[in-house]
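FYI, in the numbering used here the residues of the sequence shown are 752 to 953. Heads up, the beta-carbon is just placed ideally off N, CA and C, and yes, glycines get one too. The next block holds one structure in the form of structure tokens; read it before the comments.
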Amino acid sequence: MEAKAAIFLDKDGTLIPDIPYNVNPGLTTLNPGVLEGLYELQQHFSLFIISNQAGVAKGFFGIEEINRLMDYMLELFGRHYIHISGYYFCPHDVHGVISSYTLACNCRKPKPGLLLQAAAGHQLDLSKSWMIGDILNDVEAGKTAGCRSVLIDNGNEAEWDRAGEPFRTPDFIARDFLEAVSFIHQTTQEQNHVRKRYTQPI
């Protein structure tokens with residue numbers, strides 16, 4: 752079976768407004784352009800949500816509450832004919848208070864563990880995949896995993912002084928979600944055109 756290409760999506764700040772430690776479906780809304788953008792992306796990519804959830808380690812909420820919020824989001828996307836192939840979250844934080852989650856792990860972004868886990872479980876081709884996020888930790892996670900990345904510059908990134916580091920340099924900086932989608936679509940079309948041209952018999 753041929754490996755699939757994927758879009759890895761940060762949740763807070765990218766798909767929904769970044770309300771710190773929010774797991775309440777009643778306070779959860781989608782950012783502008785997300786529904787239209789995801790519908791277009793899923794024509795060519797499998798979609799995965801990748802999220803740090805340090806609130807578990809800090810005792811603000813439990814795994815069940817994250818799952819309830821994700822069930823709400825998946826149901827919302829489903830009503831608009833958008834299929835999310837999986838969601839992966841990291842509950843760890845070295846500054847936590849819940850001992851079982853207070854540790855240094857390989858899954859908390861900017862580490863690539865969540866993306867690698869998704870790739871292994873779904874036969875994904877990371878070299879053809881993209882990470883979309885709103886901070887440089889998202890960019891680094893994607894790049895370290897072997898993906899390309901788009902940073903949505905919505906004001907949430909506060910470490911631009913580190914933007915020149917190789918794994919923290921996005922392939923594109925977008926103003927909003929739809930511009931990120933447009934860039935990925937255009938880039939993919941161009942690459943497919945080149946690939947088709949060079950595989951045609953002479």
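Residue ranges of uninterrupted beta strand (DSSP E) with 3 or more members, entirely inside the stretch 820-896 and ordered along the chain, are 837-841 and 881-884. The Cβ atoms of Phe759 and Ile814 lie no closer than 9 Å to each other. Here the alpha carbons of Leu854 and Gly847 stand approximately 8 Å from one another.
Inter-segment contact for the stretch 753-771 and the stretch 779-793 is present: three or more beta-carbon pairs are separated by less than 8 Å. Bounds of any beta strand (DSSP E) do not take in Val785; it lies within the alpha helix (DSSP H) bounded by Val785 to Leu792. By DSSP's assignment, Asp761 forms a beta bridge with Ile801. Taking C-beta separations shorter than 8 Å and ignoring five residues to either side along the sequence, the partners of Ser878 in its chain run Gly897 and Cys898, following chain order. In the three-state reduction of the DSSP assignment, Ala931 falls in the helix class.
The Cβ atoms of Tyr852 and Tyr790 do not sit closer than 9 Å to each other. Take the alpha-carbon of Trp881 and the one of Gly810: they are about 32 Å apart. Around the CB of Arg859, 16 or more other CB atoms lie within 10 Å, so the residue is classed as buried. Rounded to whole angstroms, the separation of the alpha carbons of Ser797 and Asp822 is 18 Å.
Taking the CA atoms as reference points, Pro921 sits about 24 Å from Pro771. Here DSSP, grouped into helix, strand and coil, assigns Phe923 to strand. Counting every other CB atom within 10 Å of its CB across the protein chains shown gives Gln940 a total below 16, marking it as exposed.
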